[in-house]
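If you read the sequence shown in my numbering, its first letter stands for residue 247, the second for the next number, and so on. We treat Cβ as the ideally placed atom computed from N, Cα and C, and that holds for glycine. First comes the structure, then the notes that go with it.
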Amino acid sequence: MAQVLRAAARKIRQERQAHKAPHGKQTVRQLMGHGEATSSIPVEAPALFDRAARRWNVDYAFYQTEPGKYLLFFKSKQADAITACMSDYSRRVLKQSRSRRVPILERLHRAQDRVRRQPVRERTKEVAHEDR
Numbered sequence: 247m248a249q250v251l252r253a254a255a256r257k258i259r260q261e262r263q264a265h266k267a268p269h270g271k272q273t274v275r276q277l278m279g280h281g282e283a284t285s286s287i288p289v290e291a292p293a294l295f296d297r298a299a300r301r302w303n304v305d306y307a308f309y310q311t312e313p314g315k316y317l318l319f320f321k322s323k324q325a326d327a328i329t330a331c332m333s334d335y336s337r338r339v340l341k342q343s344r345s346r347r348v349p350i351l352e353r354l355h356r357a358q359d360r361v362r363r364q365p366v367r368e369r370t371k372e373v374a375h376e377d378r
């Protein structure tokens with residue numbers, strides 16, 4: 247008897263789950279299947295956007311246009327949440343690009359080392375011709 251009840255409850259949960267619209271990251275087809283208007287924005291770092299989007303609970307999908315270039319599709323209703331999410335995303339992208347830069351002092355030290363390694367050329371004056 248208990249097994250029959252568990253099986254029936256499992257079946258009811260599965261049916262409810264099948265009728266729910268997916269949330270968060272999804273395919274473009276699933277996002278378009280919601281029946282709502284969508285918009286798109288070009289994005290270059292989808293992994294950083296994923297982190298920001300989870301925080302703001304937005305429904306979105308990526309479509310790769312070129313290697314390293316993506317279009318971000320989202321529901322037009324969620325434009326306010328996307329705006330907040332994009333500001334968080336852009337802050338993360340800028341922070342990442344700053345962390346890749348080499349500090350100026352380190353670049354100066356590297357340049358000094360390169361100059362020290364170069365062989366020293368002796369300058370000699372050419373002998374002036376007597377004909378002139």
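Three-state class that DSSP yields for residue i in the structure shown
i    : result
K271 : strand
T370 : coil
V289 : strand
Residue i burial status per 10 Å Cβ neighbour count (16 or more: buried)
i    : result
Y309 : exposed
V366 : exposed
A255 : exposed
Q249 : exposed
A307 : buried
A299 : buried
M278 : exposed
I328 : buried
Endpoints, beta strand (DSSP E) assigned at residue i
i    : result
A307 : Y306 to E312
Along the chain, which unbroken stretches of the alpha helix (DSSP H) at least 4 residues long are found entirely within the region 314-363? 325-346 and 350-363
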